Amino acid sequence: MKVPFVDLHSQYLSIKPLIDEAINDCITQSNFIGGPVVRAFEKGFADFLGIKNCIACANGTDAIEILLQAMGVGAGDEVIVPAHSWISTSEAVSAVKAKPVFVDTDPDYFTIDVQKIEQRITSATKAIIPVHLYGQMADMDTILKIARQYDLKVLEDCAQAHGAAYKDSLAGTMGDAASFSFYPGKNLGAYGDAGAMVTNDDELAEKARMIANHGQIKKHHHIIEGRNSRMDTLQAAVLRIKLQHLPTWNERRIHNASFYDEYLQDLPLKKPMTHPYYRHVFHLYVIQTDRRDAVADFLRDAGIETAVHYPSILPLLKAYKDEAYTAAQFPVSSKYQHSILSLPMYAELTEDAIRYVAETLRKALL
Ligand SMILES: *Cc1c(COP(=O)(O)O)cnc(C)c1O
């Protein structure tokens, strides 16, 4: 049996006629940048979240960067980010010439350790970027409380959390603004790069839209120098269709995670933990085992693809070598980076496949 890590082809086959028609329409109309299809997706995604403004852009990294810029974060400022994330989170901070300040991670939930945020706040701190990693939200009540106390902006990185919720609030609706990525493998993925920014703040939305489109408020009215970060019409056409399926696909991921929980029950590994009042949408199902590399090899030889998200925490990457961070500064996340392993996870994954992964893991571990 072969179990891929993700299976975008089988997802395509499940919605093929609609996708083919939407792509054909775009080509027939030869409208490739912006236009009514992009507007319709923006409205659809804003309605899905119950938020006032959605601005489509080129990718999730740009979304973070543009929002920071629109918030006025720049040279001399510091931004709190989790040590454990994809590099976009800190890269975007550096891109606006601010400094990413890394905070260690919660050992059970993989999100920023809110107990360690306050000690990293200085007079230069302007914002916090919680990342709702693997599909589960960070502790937003505590983060918002700290932000209010120190007058900081909160920018939610929702690249892995489309449809996730904290108590009754959807990811992306609690902070001052939020970024989304529609990279193909995300819970809501385009057929190429795409991203979005969302906010209830109309002024911030207007600025972000302007920055993403060459600083124009309307054609040829360049109020500032902006950049080119727009969503392709073809991507919006694909995303509009896939957005309709997102709730069902998330349900299936949650269902698949519960199958994993059940089948992995008595194995000597640590299963992902879910907060009781959160809705974890399982972008990734991440287990922990001390014999990570050997287990991954064993699974690969049995036809099962796995991945590691991520092999190194951000501060220990070569990109930050000048700062000379040490593992001891991030004791929790620098430890589990050697034990985390992401198992195959997608809506179309079958119970049979999950059972096979569990049986193979049993052989690898016992
Ligand atoms: C995927 C991802 C991004 C950025 O997405 P791109 O669209 O690839 O630029 C940002 N943050 C996190 C946590 C991600 O997983």
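Going by the numbering used here, 130 is the number at position 130 of the sequence shown; the sequence numbering is gapless. Heads up, the beta-carbon is just placed ideally off N, CA and C, and yes, glycines get one too. All values reported here derive from a predicted model rather than from experimental measurement.
Next on the checklist: Less than 7 Å separating the Cβ of G72 from some heavy atom of ligand 1?
Outcome noted: no
Next on the checklist: Taking the straight line between their C-alpha atoms, what separation do you get for L317 and V308?
Outcome noted: 15 Å
Checklist entry - Residue range of the beta strand (DSSP E) that Q216 falls in? => result Q216 to K218
Item to check | Alpha carbon of P100 to alpha carbon of K321, nearest angstrom | outcome: 13 Å
Item to check | Length-filtered (4 minimum) alpha helix (DSSP H) runs lying within the stretch 325-358 | outcome: 331-336
Checklist entry - Should the stretch 231-245 be regarded as contacting the stretch 324-335, the criterion being three or more beta carbon pairs within less than 8 Å? => result no
Checklist entry - Which residues in the same chain have their Cβ closer than 7 Å to the Cβ of D290, if we skip the five residues on either side of it in sequence? => result S339
Next on the checklist: Could you pull the DSSP bridge partners for N213 from this structure?
Outcome noted: N228
Checklist entry - Buried or exposed: E359, going by 16 or more other Cβ atoms within 10 Å of its Cβ? => result exposed
Checklist entry - For the beta strand (DSSP E) that contains D157, what are its first and last residues? => result K153 to D157
Item to check | Identity of the residue in E65, Q337 and G60 nearest G192 by Cα | outcome: G60
Checklist entry - Using the C-alpha atoms, what's the distance from I87 back to A70? => result 21 Å
Next on the checklist: Just verifying my parser: in three-state terms, what is the DSSP assignment at E78?
Outcome noted: strand
Next on the checklist: Using only CA atoms, which one of A171, D151, A165 and Y166 lies nearest to C158?
Outcome noted: A171
Item to check | Sequence-distant residues of its chain with Cβ nearer than 7 Å to K116 (five each side left out) | outcome: V103 and D104
Next on the checklist: Shorter than 7 Å, the distance from the beta carbon of R186 to the closest heavy atom of ligand 1, or not?
Outcome noted: For the record, residue 186 in the displayed sequence is Lys; it is not Arg. True, at least one ligand heavy atom lies under 7 Å from that Cβ.
Checklist entry - What is the rounded straight-line gap between the Cα of A205 and the Cα of T199? => result 6 Å
Next on the checklist: I need the boundaries of the alpha helix (DSSP H) containing N256, first residue and last residue.
Outcome noted: T233 to Y263
Next on the checklist: Going by beta-carbon coordinates alone, are L341 and I254 separated by less than 8 Å?
Outcome noted: no
Checklist entry - With 16 other CB atoms within 10 Å as the buried threshold, where does K43 fall? => result exposed
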